[in-house]
Amino acid sequence: MNSIIIDGMSFTLPLFIIAVGGIYSERSGVTNLALEGFLGAGGFFGALFVAFTSSWFAASSQAPMYFAIAISMLGGALYAMLHAVLCIHFKANQVISGVVVNIIAMALTDFLTSQINAQVFGASSDRFVLSVSNRVTIPVLSSIPVLGAFFTDVYPYEFIIIVVAIAAWYLLYKTTFGMRLRACGDNPHAVDAAGADVAKIRYIAIAISGALSGLGGICFAYSIYSSYSASIYTGYGYLAIAALIFGNWKILPTFWACVLFGFARSGGYKIVQVLGMPSTYSDLIMILPYVLTLLLLIFFSKNNQAPRALGDIYDKGKR
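So the sequence shown is numbered by the UniProt record's numbering: it starts at 1 and just counts up by one.
Written out as structure tokens, the structure reads:
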């Protein structure tokens, strides 16, 4: 049970912060299928920094990871501007824009990773090797039966994600900016009439979405593979979208949806180990969160209420 909780939370929290990024974009009225591209591009910039600077730090230093997190958030925010410009400035179809942004990110990061390894490091590889992240066990709390697993072998990034998620919740629900952002997704004309700049708010929302997705992308790279490649995040962006839809575009319900997906994944791997099944069955277990997503959306999506202006192209001249 302990391993299910430990592995489940290390998957849940990066997925959750990516989903929170999606909530910011979609609550502002911009459909965002580009989360996978954001997290891949953000993770690429962070991993690239580690690849070039790893020799600057001691072998056991965790500093590269913290720098990588900051740079991944910045890189994700910058890459997200592609989606923002297409959707807000050029008024492109938001679904098509999201798909295109994902395809570009996948192809471009894969190409650049291979070329940089070949031309700069003289290695024939499509991945950047990252340092192994230390884990933290909290005394006393870790000794609590069952619940102690939540405080055992915790990745440092998990604390960062929790702090960032709390800040994101406060910004969205407890500030004037958050109120205006949510209003942009329901009635952008009312926001405009109140004197706020709808386009500016949406740009900021998408930038936040990219930053949070970049954070999740580099955390996935550190926790699951200890390396970065374009293939490691395949499907995670769409799973985050499913989580936020199941969570009805609200942060706390989305967290519980991510917990469900994370534990389905870690529980499936544990079943394979307990039954002594061949390792190839572990690949089959990867589909469990997606099967669960389909079932949940079939039975519960009819009760969801998306932002009323989600996907609508805002034209200031129309009323």
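Cβ atoms here follow ideal geometry from the backbone N, Cα and C, with glycine treated the same way.
Assigned exposure category for Q119 - 16 Cβ within 10 Å defines buried: Exposed.
Own chain, CB closer than 7 Å to P307, minus 5 neighbours either side, in chain order: Within the same chain, E26, R27, G29, G185, D186, W249 come within 7 Å of P307 by CB-CB distance, once the 5 residues on both sides are set aside.
Where F128 falls: helix, strand or coil (DSSP): Per DSSP, reduced to three states, the secondary structure at F128 is strand.
Contact the region 69–89 vs the region 212–227: 3+ CB pairs below 8 Å: Yes, the region 69–89 is in contact with the region 212–227.
Every unbroken alpha helix (DSSP H) within the region 63–151, with a cutoff of 4 residues, ordered by chain: For the region 63–151, the full-length alpha helix (DSSP H) segments reaching 4 residues or more read 63–84, 94–119 along the chain.
Beta-carbon proximity check, Y290 vs L239, cutoff 8 Å: Remark: C-beta atoms of Y290 and L239 approach each other more closely than 8 Å.
Span separating the alpha-carbon of W56 from that of Y155: In this structure, the straight-line span from the alpha carbon of W56 to that of Y155 is close to 23 Å.
Beta carbon of N32 nearer than 8 Å to that of G22: It is a contact, given that the beta carbons lie within the stated cut-off.
7 Å CB neighbourhood of L296 in its chain, flanking five on each side removed: The beta carbon of L296 sits closer than 7 Å to the beta carbons of F246 from its chain, once the five residues preceding and following it are set aside; these are given in chain order.
Cα-Cα separation between M9 and I104, rounded to whole angstroms: The alpha-carbon of M9 is positioned some 30 Å away from that of I104.
Unbroken beta strand (DSSP E) run spanning Y314, endpoints: It is not in any beta strand (DSSP E) - Y314 carries neither H nor E in the DSSP assignment.
Cut-off 7 Å between Cβ atoms - residues of its own chain near T152, not counting five sequence neighbours on either side: Counting only Cβ-Cβ distances below 7 Å, and skipping sequence neighbours, we find N2, I6, T137, S142.
C-alpha gap between A264 and L294, whole angstroms: So the two alpha carbons sit approximately 13 Å from each other.
Q305 versus Y24 - alpha carbon distance: Their Cα atoms are separated by approximately 15 Å.
For S226, the residue or residues it bridges with in DSSP: Note: S226 sits in no beta bridge, so no partner.
Spatially closest choice to F38 from S60, F52, A107, by CA coordinates: Of the candidates S60, F52, A107, A107 places its Cα closest to the Cα of F38.
Stretch pair the region 83–101 + the region 224–234: three plus CB contacts closer than 8 Å: At 8 Å Cβ cutoff, the stretches do not touch.
Identity of the residue in I4, G46, A77, Y79 nearest A63 by Cα: Taking each of I4, G46, A77, Y79 in turn and checking the Cα distance to A63, the smallest one comes out for G46.
L275 versus V259: straight-line alpha-carbon distance, rounded: Going by C-alpha positions, L275 is about 24 Å away from V259.
Under 8 Å between C-beta atoms of I204 and I17: Annotated as distal: I204 and I17, with beta-carbon spacing of 8 Å or more.
Three-state secondary structure (DSSP) of V20: Under the three-state reduction of DSSP output, V20 falls in the helix class.
Neighbour-count burial assignment, T176, 16 or more Cβ in a 10 Å radius: Classification of T176: exposed, given that the 10 Å Cβ count is below 16.
CB-CB length for L172 against I241, believed under 8 Å: The pair is not a contact, with the Cβ atoms about 18 Å apart (cut-off 8 Å).
Per-residue DSSP class, three states only, for V50: Under the three-state reduction of DSSP output, V50 falls in the helix class.
Same chain, Cβ closer than 6 Å to A168, five either side skipped, listed in chain order: Setting aside the 5 residues that flank it on each side, A168 is surrounded in the same chain by V20, each with a C-beta closer than 6 Å to its C-beta; the list follows chain order.
Reduced DSSP secondary structure (H/G/I, E/B, other) of V274: Helix, per DSSP.
Range covered by the alpha helix (DSSP H) that runs through W169: Element bounds for W169: 156–174.
Cβ neighbour criterion (16 or more within 10 Å) applied to P188: Sixteen is the threshold: when 16 or more other Cβ atoms of the shown chains lie within 10 Å of the Cβ of P188, as they do, the residue is buried.
Segment limits, alpha helix (DSSP H) that includes G214: Run containing G214: 198–220, per the alpha helix (DSSP H) assignment.
Backbone secondary structure at W249 - three-state DSSP: Correct three-state label for W249: coil.
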